[in-house]
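Student:
Protein chains in written order, with this note's numbering: chain A, 4 to 104; chain B, 247 to 633.
1) Where does the unbroken alpha helix (DSSP H) through residue 288 of chain B begin, and where does it stop?
2) My output table needs one value for residue 511 of chain B: the three-state DSSP class, helix, strand or coil.
3) Give the single residue among B:305, B:298, B:448 whose Cα lies nearest to the Cα of residue 623 of chain B.
4) With a 10 Å radius around its C-beta and 16 neighbouring C-beta atoms as the bar for buried, classify residue 391 of chain B as buried or exposed.
5) Suppose you measure from the CA of residue 559 of chain B to the CA of residue 506 of chain B; what does that come to, to the nearest Å?
6) Could you compute how far the alpha carbon of residue 552 of chain B sits from the alpha carbon of residue 410 of chain B?
7) What residue range is occupied by the uninterrupted alpha helix (DSSP H) comprising residue 97 of chain A?
8) On the three-pair Cβ rule with 8 Å, is the stretch 332-339 of chain B touching the stretch 353-369 of chain B?
9) Alpha carbon to alpha carbon, what distance is there between residue 327 of chain B and residue 35 of chain A?
10) Which of helix, strand or coil does DSSP assign to residue 77 of chain A?
11) Looking at the structure shown, is residue 370 of chain B part of a helix, part of a strand, or coil, going by DSSP?
12) State the beta-bridge partners of residue 553 of chain B as determined by DSSP.
13) Determine the burial state of residue 53 of chain A: buried for a count of at least 16 other Cβ atoms within 10 Å of its Cβ, exposed for fewer.
14) In angstroms, rounded to a whole number, what distance separates the CA positions of residue 230 of chain B and residue 487 of chain B?
15) What in chain B is Cβ-close to residue 49 of chain A, meaning under 8 Å?
16) Show which residues of chain A have a CB atom less than 7 Å away from the CB atom of residue 324 of chain B.
17) Apply the 10 Å Cβ neighbour rule to residue 426 of chain B and answer buried if 16 or more other Cβ atoms are within range, or exposed otherwise.
18) If the cut is a Cβ gap below 7 Å, which residues of chain B does residue 67 of chain A touch?
19) State the start and end residues of the unbroken alpha helix (DSSP H) segment that holds residue 52 of chain A.
20) Which residue from B:436, B:462, B:304, B:466 puts its Cα closest to that of residue 454 of chain B?
21) Contact between the stretch 473-480 of chain B and the stretch 414-428 of chain B: three or more CB pairs below 8 Å?
22) Which runs of the alpha helix (DSSP H), 4 residues or longer, sit entirely within the stretch 534-616 of chain B?
23) Determine the DSSP secondary structure at residue 84 of chain A, reduced to helix, strand or coil.
24) Going by the DSSP bridge assignment, what does residue 628 of chain B pair with across the sheet?
25) In or out: residue 577 of chain B buried (at least 16 other Cβ within 10 Å) or exposed?
26) Run down chain A in chain order and give the residues with a C-beta less than 9 Å from the C-beta of residue 210 of chain B.
27) Taking its Cβ as the centre, do 16 or more other Cβ atoms sit within 10 Å of residue 89 of chain A, making it buried, or is it exposed?
28) Taking C-alpha atoms, which residue in B:589, B:579, B:606 lies nearest to residue 436 of chain B?
29) Say whether the stretch 308-315 of chain B touches the stretch 275-293 of chain B, bearing in mind that this needs 3 or more beta-carbon pairs closer than 8 Å, one atom from each stretch.
30) Near residue 289 of chain B, what residues of its chain come up, given a Cβ to Cβ distance below 8 Å and the 5 sequence neighbours on each side ignored?
31) Measuring CA to CA, which of B:542, B:565, B:540 is closest to residue 593 of chain B?
32) Determine, using beta carbons only, whether residue 314 of chain B comes closer than 7 Å to chain A.
33) Scan the stretch 423-504 of chain B and note each continuous beta strand (DSSP E) run of 3 residues or more that stays entirely inside, going in chain order.
34) Quick one: is residue 112 of chain A near chain B, going by C-beta distance under 7 Å?
35) Less than 7 Å separating the beta-carbons of residue 625 of chain B and residue 293 of chain B?
36) Select from the stretch 361-381 of chain B all residues with a C-beta closer than 9 Å to any C-beta belonging to chain A, and list them in chain order.
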């Protein structure tokens with residue numbers, strides 16, 4: 004394998020691991036503080052809006068009425084992993100889907 | 247009303263065990279474990295005209311059941327079987343079978359046979375009810391240059407950067423095998439990605455980084471790589487042939503009021519670089535000749551679709567217009583040398599969010615390749631359904 008390729012692979016690995024470490028090492032308090040500030044000063048996106056945006060990215064978005072709550076829990080977990088969605092994003096969408104079905 | 251309210255309460259306390267147990271009694275308590283059968287199928291009619299040779303056939307009747315076992319809020323198993331009718335035989339495939347566990351809010355581990363996040367087409371867009379066209383772009387699937395799935399372990403996750411989002415996946419799999427031409431001389435130098443038992447001790451490593459730069463999740467750019475230092479069988483002369491593949495993917499989906507509907511753009515570029523090796527060609531008279539070539543391939547596709555979701559007529563709302571361009575270039579000097587360009591167009595009618603009728607036309611111009619090249623035109627009527 005060519006050296007340039009090795010360098011590229013190593014760079015990708017370092018970048019992702021670095022990102023993960025930074026993401027995971029931010030302490031719980033700092034994180035909540037940041038979101039608290041967001042809550043106060045930003046008008047947060049609703050779960051409904053996030054559903055309209057995120058769930059249309061690959062396929063057409065299903066309607067909340069398509070599944071019951073138990074099914075939505077399973078689907079939300081499946082989509083969270085398959086579509087690599089952020090935890091706060093999928094949590095909000097799931098709450099919306101379960102409230103509107 | 248009470249039922250509805252119970253669900254709202256449940257939804258809000260999701261993932262919070264303490265409060266779960268102290269909420270008011272619910273008339274219906276959803277279970278934490280669940281088993282779901284899902285999947286998709288498709289069927290259709292194909293008319294092909296390859297250099298004047300006409301063929302028509304009812305095709306597909308593919309059935310792909312998906313099994314989802316949710317053990318807890320963190321643990322899940324997914325598996326997909328694929329049944330298809332090909333060459334007058336029933337073919338069964340295990341598309342994926344993996345277990346996933348949420349480690350924390352930014353990390354999930356998966357193990358087993360999973361679809362590889364090499365670009366986005368195979369992992370996210372290939373199921374018949376998601377793919378807007380009845381065919382795959384050049385470079386994917388049979389004789390493709392991009393891997394679809396692998397057996398191994400993977401770590402993935404996503405970060406919300408306060409609007410923009412970043413997602414990553416890193417994995418290790420058995421990696422591909424090199425076809426050395428001893429079985430199929432016309433495929434010498436190709437990679438076989440189906441490698442259920444590794445033929446050497448070198449594993450493949452890969453990953454993808456996806457960035458959604460805007461808060462509305464409309465745009466995603468991804469970069470993937472996949473490499474291994476050995477694809478040949480241990481102790482064979484091809485043992486040390488290394489491979490480096492990369493892909494760049496792009497997606498943009500947005501409802502734009504000015505044009506009364508959804509615009510959906512998707513694209514992916516794949517590049518494959520396999521170390522040069524010497525292969526043997528056996529002539530009809532029994533003479534052997536050694537040859538080599540610069541083993542580099544690439545493929546590309548871009549797809550644009552439009553759905554007039556804000557049109558006044560109910561019929562129009564369910565229509566979709568799709569166009570796709572794709573091309574494939576395989577190494578010069580290889581037995582499988584090929585240059586192909588393909589255009590595909592489709593008019594789709596969405597019966598529901600996961601059931602679609604596609605009426606499509608496709609034209610492919612190729613030089614070289616399996617069928618010797620030329621122009622192949624196809625007309626397809628397909629019906630896909632996810633369930």
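Every residue gets a Cβ at the ideal spot worked out from N, C-alpha and C, and that includes glycine. Since the structure is predicted, the reported quantities are computational estimates derived from the model, not experimental observations.
Tutor: Considering the structure as presented:
1) Against the second chain, residue 288 of chain B aligns to sequence position 42. Run containing residue 288 of chain B: none in the alpha helix (DSSP H); it sits in the beta strand (DSSP E), 280-296.
2) Here residue 511 of chain B refers to the residue found at position 265 of the second chain. Here residue 511 of chain B sits in strand by DSSP.
3) Here residue 623 of chain B is taken as the residue at index 377 of the second chain, counted from 1. The shortest C-alpha separation from residue 623 of chain B is found at B:298.
4) Numbered from 1 along the second chain, position 145 holds the residue referred to as residue 391 of chain B. By the neighbour-count rule (16 or more Cβ atoms within 10 Å), residue 391 of chain B is buried.
5) Start at 1 with the first residue of the second chain, and residue 559 of chain B comes out as number 313. Start at 1 with the first residue of the second chain, and residue 506 of chain B comes out as number 260. One alpha carbon belongs to residue 559 of chain B, the other to residue 506 of chain B, and they sit about 12 Å apart.
6) Within the second chain, the letter at position 306 stands for residue 552 of chain B. Within the second chain, the letter at position 164 stands for residue 410 of chain B. Inter-residue distance for residue 552 of chain B and residue 410 of chain B is about 25 Å (C-alpha atoms, whole angstroms).
7) The residue labelled residue 97 of chain A in the question sits at position 94 within the first chain. 90-103 is the span of the alpha helix (DSSP H), which, as asked, contains residue 97 of chain A.
8) Judged by Cβ distances under 8 Å, the stretch 332-339 of chain B makes no contact with the stretch 353-369 of chain B, as fewer than three pairs qualify.
9) In the first chain, the residue the question calls residue 35 of chain A occupies position 32. In the second chain, the residue the question calls residue 327 of chain B occupies position 81. The predicted model places residue 35 of chain A with a pLDDT of 43, which falls under 50 and marks its position as unreliable; any figure quoted below should be read in that light. Counting only the Cα atoms, residue 327 of chain B lies some 42 Å from residue 35 of chain A.
10) Counted from its first residue, the first chain places residue 77 of chain A at position 74. Here DSSP, grouped into helix, strand and coil, assigns residue 77 of chain A to helix.
11) What you label residue 370 of chain B is simply residue 124 of the second chain in a count that begins at 1. Reduced to three states, the DSSP call for residue 370 of chain B is helix.
12) The sequence position of residue 553 of chain B within the second chain is 307, counting from 1. Bridge partners of residue 553 of chain B according to DSSP: B:508.
13) Taking the first residue of the first chain as 1, we reach residue 53 of chain A at position 50. When all chains shown are included, residue 53 of chain A counts as buried.
14) Here chain B has residues from 247 to 633 only, and residue 230 of chain B is not among them.
15) Counted from its first residue, the first chain places residue 49 of chain A at position 46. For residue 49 of chain A, no chain B residue has a C-beta closer than 8 Å to its own C-beta; the minimum C-beta separation is roughly 13 Å.
16) Translated into the one-based positions of the second chain, residue 324 of chain B becomes position 78. Annotation: Cβ neighbours of residue 324 of chain B in chain A (cutoff 7 Å, chain order): 81.
17) Sequence index remark: in the second chain, residue 426 of chain B carries index 180 (1-based). By the 10 Å Cβ count, residue 426 of chain B comes out buried.
18) One-based indexing of the first chain puts residue 67 of chain A at position 64. Simply none; closest approach about 11 Å.
19) Within the first chain, residue 52 of chain A is the residue found at index 49, counting from 1. Counted as a single uninterrupted DSSP element, the alpha helix (DSSP H) harbouring residue 52 of chain A occupies residues 50-57.
20) Numbered from 1 along the second chain, position 208 holds the residue referred to as residue 454 of chain B. Measuring from the Cα of residue 454 of chain B, the nearest candidate turns out to be B:466.
21) Yes, the stretch 473-480 of chain B touches the stretch 414-428 of chain B.
22) With a minimum length of 4 residues, the unbroken runs of alpha helix (DSSP H) contained wholly in the stretch 534-616 of chain B fall at 560-563.
23) Here residue 84 of chain A corresponds to residue number 81 of the first chain, with the count starting at 1. Helix, per DSSP.
24) Here residue 628 of chain B refers to the residue found at position 382 of the second chain. Answer by DSSP bridge pairing, in chain order: B:290, B:604.
25) Residue mapping note: residue 577 of chain B aligns to position 331 of the second chain, counting from 1. Classification of residue 577 of chain B: buried, given that the 10 Å Cβ count is 16 or more.
26) As displayed, chain B neither begins before 247 nor continues past 633, which places residue 210 of chain B out of reach and without an answer.
27) In the first chain, residue 89 of chain A corresponds to position 86, counting from 1. By the neighbour-count rule (16 or more Cβ atoms within 10 Å), residue 89 of chain A is buried.
28) For the purposes of this step, residue 436 of chain B is identified with residue 190 of the second chain, where counting begins at 1. The shortest Cα separation from residue 436 of chain B among B:589, B:579, B:606 belongs to B:579.
29) Segments in contact, yes.
30) Reading the second chain from its first residue, position 43 is the one you call residue 289 of chain B. So the qualifying residues of the chain are 304, 305, 306, 307, 308, 628, 629.
31) On the second chain, residue 593 of chain B is found 347 positions in, with the first residue counted as 1. Of B:542, B:565, B:540, the residue nearest in Cα terms is B:565.
32) Walking along the second chain from the start, residue 314 of chain B turns up at place 68. Yes - at least one Cβ of chain A is within 7 Å of the one on residue 314 of chain B.
33) Assignment of beta strand (DSSP E) within the stretch 423-504 of chain B, counting only whole runs of 3 or more residues, yields 450-458, 465-474, 489-502 in chain order.
34) Look at the range of chain A in this structure, 4 to 104, and you will see that residue 112 of chain A is not part of it.
35) In the second chain, the residue the question calls residue 625 of chain B occupies position 379. In the second chain, the residue the question calls residue 293 of chain B occupies position 47. Yes, these two residues count as a Cβ contact at 7 Å.
36) Near chain A, meaning a CB-to-CB distance below 9 Å, the residues of the stretch 361-381 of chain B are 361, 363, 366, 369, 370, 371, 373, 375, 376.
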